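Everything on this sheet refers to the single structure shown next.
In the numbering used here, the protein residues as written are 1068 to 1457.
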């Protein structure tokens, strides 16, 4: 029996390969990269800020699903930049400081059925579905010229728009009006009610009490990290605006920071250093009684109550607590109780011999004053077995 063998011609080896992009598929599927429709609002606000706007007006009609974002920035000179993938078109200064992705306006294409852009005396109107299929649209003269840029998006679904826009505006660098109402910017770097200090990670504003009980971290005006209670307490909020040249948001929504764990660690270290500086400044500039009043909460949050050891008055709040434990570290790094202040003449407590230098065991209360004078005759290193009062 004869067997017929068939052979295929060997494929010619390829000398070189490169990255090939299926542009049509990329245009259609990139919509799934954006987490939600609010990304379009954030990106349009970012474009306005980079354009040098001093005010942004946002209007949204739930019935017609019409979103309008207007700003008084420098406007557009080349409309084609809006529709280029990964090409931002910003100046070198903005590119180096903000590190734009060049994908922001595409969020508007995916979120809206139809988009109208008016800048200066020119306008561009396009249908999103047709644009994604490869259609081109002309740039024409504007019927109603504007100062800056005006974007109108049709058929955009935004649930809870009021709440979300208030959250976006809280730390934003540019004032925002929403449906004619000026939104509060309590966490903005230029807010009059806050004092920001430059640090290694960026600008930080800390409260007079616990500096990390409410922590809000912003990057380019957008919230990227939050750590605190559900009920926001602005008086206890620590606000951080990261240096955009050192930290970068995740593509494409910028709602998280790249290397978040590293960022949080660096932020908390910078907060601790800033609080230590504030504590030292308060001690050097205030009278002892005033220092006790203003520095007690901060010192306690830092576990630094020993700063009161060389002060001849002590915080009256120590009298209202049953026991407060001071700590110190042994050479091996283990944290042990360094001493105990027991309040109340009738209470008994055995005080450990390991105690911080100058720890006061007996405090005489002087009425309801915020600071009380220390009985200098009682030394911190003595054990009063016959006294019985801790």
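Cβ coordinates follow ideal geometry from the N, Cα and C atoms, glycine included. Values in this document were obtained by computation on a predicted structure and should not be read as measured data.
Asked	Found
Do residue 1221 and residue 1181 have their C-beta atoms within less than 8 Å of each other?	yes
Is residue 1359 buried or exposed, if buried means 16 or more other CB atoms sit within 10 Å of its CB?	buried
Between the alpha carbons of residue 1209 and residue 1179, how many angstroms are there, rounded?	21 Å
Output needed for residue 1231: all residues of its chain with C-beta closer than 8 Å, excluding positions within five of it in sequence on either side, in chain order.	1105, 1108 and 1225
Give me the residue from 1374, 1272, 1215 and 1196 with the minimum Cα distance to residue 1190.	1215
Can you tell me where the beta strand (DSSP E) holding residue 1244 begins and where it ends?	1243-1245
Quick check on the burial criterion: 16 or more other C-beta atoms within 10 angstroms. Buried or exposed for residue 1084?	exposed
Tell me, please, which residues DSSP counts as bridged to residue 1177.	Answer is none; residue 1177 lacks a bridge partner.
What are the boundary residues of the alpha helix (DSSP H) that includes residue 1339?	1327-1352
My guess is that residue 1304 and residue 1274 are in contact by the Cβ rule of under 8 Å, so how many angstroms apart are they, rounded?	6 Å
How close, in whole Å, do the beta carbons of residue 1346 and residue 1372 come, if the pair is a contact with beta carbons under 8 Å?	Going by Cβ atoms, the distance from residue 1346 to residue 1372 rounds to 11 Å, so no, they are not a contact pair.
Please report how far the alpha carbon of residue 1235 lies from the alpha carbon of residue 1218, in whole angstroms.	18 Å
Suppose you measure from the CA of residue 1172 to the CA of residue 1284; what does that come to, to the nearest Å?	25 Å
What residues match up with residue 1269 in a beta bridge as DSSP calls it?	1309
Short of 6 Å in beta carbon distance, which residues of its chain neighbour residue 1348, apart from the five on each side in sequence? Order them along the chain.	none
Ends of the beta strand (DSSP E) at residue 1231?	Residue 1231 -> not in any beta strand (DSSP E); alpha helix (DSSP H) instead, spanning 1228-1236.
Work out the CA separation of residue 1343 and residue 1307 for me, nearest whole Å.	17 Å
Could you spell out the range, first to last residue, of the beta strand (DSSP E) harbouring residue 1216?	1216-1221
Give me, in chain order, the residues of the same chain whose beta-carbon lies closer than 6 Å to that of residue 1058; leave out the 5 immediate sequence neighbours on both sides.	This structure gives no information on residue 1058, because the portion of the chain shown stretches from 1068 to 1457.
With a Cβ-Cβ cutoff of 8 Å, do residue 1112 and residue 1123 count as a contact?	yes
Excluding the 5 residues flanking residue 1149 on each side, which residues of the same chain have their C-beta closer than 8 Å to its C-beta?	1143, 1172, 1184 and 1191
Where do the ends of the beta strand (DSSP E) carrying residue 1193 lie?	1189-1194
Considering only their Cβ atoms, is the gap separating residue 1118 from residue 1141 smaller than 8 Å?	yes
Following the continuous alpha helix (DSSP H) through residue 1491, name the residue where it begins and the one where it ends.	Outside the displayed span of the chain (1068 to 1457) sits residue 1491, for which this structure offers no information.
Looking only at its chain, what residues have a beta carbon closer than 7 Å to the beta carbon of residue 1259, apart from the 5 residues adjacent to it on each side?	none
Roughly how many angstroms lie between the CA atoms of residue 1381 and residue 1350, to the nearest whole one?	13 Å
Are residue 1290 and residue 1316 closer than 8 Å when you measure CB to CB?	no
Given that a residue counts as buried once 16 or more other Cβ atoms are within 10 Å of its Cβ, and exposed if not, what is residue 1110?	buried
Helix, strand or coil for residue 1289? Go by DSSP, reduced to three states.	strand
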